[in-house]
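Before any comments, here is the structure.
Numbering (the working numbering), first residue to last: 809 to 1014.
Pasting the structure below:
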């Protein structure tokens, strides 16, 4: 989908164009957030990395970096290096870098899977806020069913290898969402049950 590998079949279209390589409208956030940051660069330097091949004046580049660090709550950490940050903060740097690029599509590959529960919940809510404020298209890959239901407007359930689309489930949970109230909503519970049922069909039986 991100144009990093050739599709085995079918095609992906962005703005009506077939994806044959990484499209400029799309940016990828990886699961191993620590490895996506350059350890010798500061937080500010890692975010500005996304802008270095764009034709931007120095002042505009600095403004974009500062604005997006503020969005993810890291303004006071701009001079820090990745090793000085927690895992959640490192992932926020990666999110700020993606936003600085001003791409229309965020492809997020299990970005919160290795974080502790509280940090993960905080970043889930941050992502929902960014989606609401910036109107980005977010394709979010996760193995966590509750996370899928909490974050999504639509859930594509895939089979195990070889990956095949089983079903796409619309998610009509209202916004804004809340970690406690939303997860107790009967619509949340029904959607979670449906996803589990579909996944169960693909699992090998003893």
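Yeah, the Cβ is synthetic: ideal placement off N, Cα and C, and Gly gets one too.
Presumed contact (8 angstroms Cβ cut-off) between residue i and residue j, rounded CB distance
{"i": "residue 1006", "j": "residue 965", "result": "5 angstroms"}
{"i": "residue 909", "j": "residue 835", "result": "5 angstroms"}
{"i": "residue 837", "j": "residue 924", "result": "Incorrect: roughly 18 angstroms between the Cβ atoms, too far for contact."}
{"i": "residue 995", "j": "residue 977", "result": "Not really, about 12 angstroms apart at Cβ, beyond 8 angstroms."}
{"i": "residue 854", "j": "residue 905", "result": "6 angstroms"}
{"i": "residue 913", "j": "residue 880", "result": "Not confirmed; about 19 angstroms, so no contact."}
{"i": "residue 857", "j": "residue 849", "result": "7 angstroms"}
Contacting residues, own chain, Cβ-Cβ under 7 angstroms from residue i (five flanking each side not counted)
{"i": "residue 823", "result": "833"}
{"i": "residue 830", "result": "810, 811 and 812"}
Per-residue DSSP class, three states only, for residue i
{"i": "residue 964", "result": "strand"}
{"i": "residue 933", "result": "helix"}
{"i": "residue 938", "result": "helix"}
{"i": "residue 1005", "result": "helix"}
{"i": "residue 976", "result": "strand"}
{"i": "residue 988", "result": "coil"}
{"i": "residue 1014", "result": "Residue confidence is low: residue 1014 scores 48 on pLDDT, short of 50, so the model does not pin down where it sits. Its coordinate-derived value is still stated next. Residue 1014: coil per DSSP, three-state reduction."}
Beta-carbon contacts of residue i that lie in its chain and below 8 angstroms, excluding the five residues immediately before and after
{"i": "residue 932", "result": "920, 955, 958, 959 and 987"}
{"i": "residue 1046", "result": "Nothing in the structure corresponds to residue 1046, since the chain is present only between 809 and 1014."}
{"i": "residue 951", "result": "918 and 921"}
Beta-carbon gap between residue i and residue j smaller than 8 angstroms
{"i": "residue 953", "j": "residue 1009", "result": "no"}
{"i": "residue 898", "j": "residue 890", "result": "yes"}
{"i": "residue 859", "j": "residue 871", "result": "no"}
{"i": "residue 1097", "j": "residue 981", "result": "Since the first and last residues shown for the chain are 809 and 1014, residue 1097 lies out of range."}
{"i": "residue 819", "j": "residue 825", "result": "no"}
{"i": "residue 845", "j": "residue 902", "result": "yes"}
Cβ neighbours of residue i in the same chain (closer than 6 angstroms, five flanking residues each side left out)
{"i": "residue 1014", "result": "A caution first: residue 1014 carries a pLDDT of 48, below 50, which makes its placement in the model unreliable, though a value can still be read off. Result list for residue 1014: empty, nothing under 6 angstroms."}
{"i": "residue 885", "result": "851"}
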